[in-house]
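Take the sequence shown: its position 107, counting from 1, is numbered 107 in my numbering, and each next residue is one higher. Down below is the structure, laid out as structure tokens.
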Amino acid sequence: MQALKQTLQTWAFALLRIPMILFCTPKVIFLDANRCEVKIPLNYRTRNHVKSMYFGALAVGADLAGGLFVMEAIKASKKNVGFIFKDFKADFLKLAKGDVHFHCTEGAKVKAVVNECLRTKKRANRTVNMWATTPSVSGDEPVCKFTLTISVKEQA
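Structure follows, in structure tokens:
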């Protein structure tokens, strides 16, 4: 039930702020303080010409796998904090030929960067790692690995 609530909150945010995310119809599979798992279905909206997931849709999934941690940490702080991704690196290991699950287990690291920003009153950056799997095709074997730098700053 919590995953459904988080999915609906993500869709509402996406509809109002970043419609591209909603276009990919992500679903939050699991989210707690340390681990996030988001699924993006392989369908006509997310598929490329070779019938695997388009790299833009893969970027959306990686964005969410780390971004949901940031949004939760900001919400818990009750402060006006903005965030962006400062850089993005992707290693495409295999074609993603099924629904893709995006994983991040660095929730504590993300919370720490938000706390650092609030403590120092300065912009803070942290690099976070994620990976993607296609359970229906290749089990837990990663199809992509991502490294994103999250940049947070308290807003006036």
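Every residue, glycine too, gets a C-beta built ideally from N, C-alpha and C.
For the pair A59 and R119, the Cα-to-Cα distance works out to about 30 Å. In summary, A76 is exposed, with fewer than 16 beta-carbon neighbours lying within 10 Å of its beta-carbon over all protein chains present. Runs of alpha helix (DSSP H) with 4 or more residues, each lying fully within the region 6-64, are found at 19-23, listed in chain order. Shown here, R126 sits in a strand according to DSSP, grouped into three states. K111 sits buried, since 16 or more C-beta atoms from the chains shown fall within 10 Å of its C-beta.
Relative to W131, the option among P142, V81, G107, A12 whose CA is nearest is P142. For A90, the uninterrupted beta strand (DSSP E) run begins and ends at 81-92, by DSSP. Within the DSSP bridge table, the entry for K153 names G82 as partners. Across the structure, C117 and F30 are spaced so that their CA atoms are roughly 26 Å apart.
8 Å or more divides the Cβ of D99 from the Cβ of S151.
With respect to C24, A65 sits apart: the two C-beta atoms are not nearer than 8 Å.
In terms of Cβ geometry, F92 and G61 do not form a close pair [threshold 8 Å]. The straight-line gap separating the alpha-carbon atoms of F55 and V113 is approximately 27 Å.
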